[in-house]
Amino acid sequence: MNTTDTLLVYKARQYIYMPVHQLSEIRWKDNGQHIGNLVQLEAGDELIKALPIRTFDTTNELLFITKQGLVKKTPLNVYKAQRYPKR
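Numbering (the working numbering), first residue to last: 305 to 391.
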């Protein structure tokens, strides 16, 4: 990933918009941070997927499918946050 990229972290019912340049810099052989320090997790929360996004100005789409068979297809640019909490 690049420092100009964005990381979208998906939980069961929401996603977190995280610009990579806001993550703390750690050397490759050092231990990293626990995900609970980066993303607010509640009891029973699971991280489903973390997607690195280079640009939101594409024609790419995200496809979500639930265990019950519901399908949702959304353009990627919908997930670009205009405002987000600083970490």
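Beta carbons are placed, not taken as given, at the ideal position from N, Cα and C, and that holds for glycine.
Residues that DSSP places opposite residue i in a beta bridge
i    : result
A354 : V313
V375 : I369
Residue i versus residue j - alpha carbon distance
i    : j    : result
K315 : I352 : 5 Å
Q326 : F368 : 27 Å
V313 : L366 : 13 Å
L374 : V382 : 19 Å
A385 : K333 : 32 Å
R317 : N341 : 19 Å
F360 : A347 : 31 Å
I320 : E329 : 19 Å
E350 : V343 : 11 Å
Range of the contiguous beta strand (DSSP E) that encloses residue i
i    : result
I320 : 319–323
Contact belief for residue i with residue j at Cβ below 8 Å, rounded distance in angstroms
i    : j    : result
I357 : T310 : 5 Å
V324 : N306 : 7 Å
L380 : N364 : 4 Å
Residue-level contact to chain D via CB, residue i, 8 Å cutoff
i    : result
I357 : Chain labels in this structure do not include chain D; a single protein chain is all it has.
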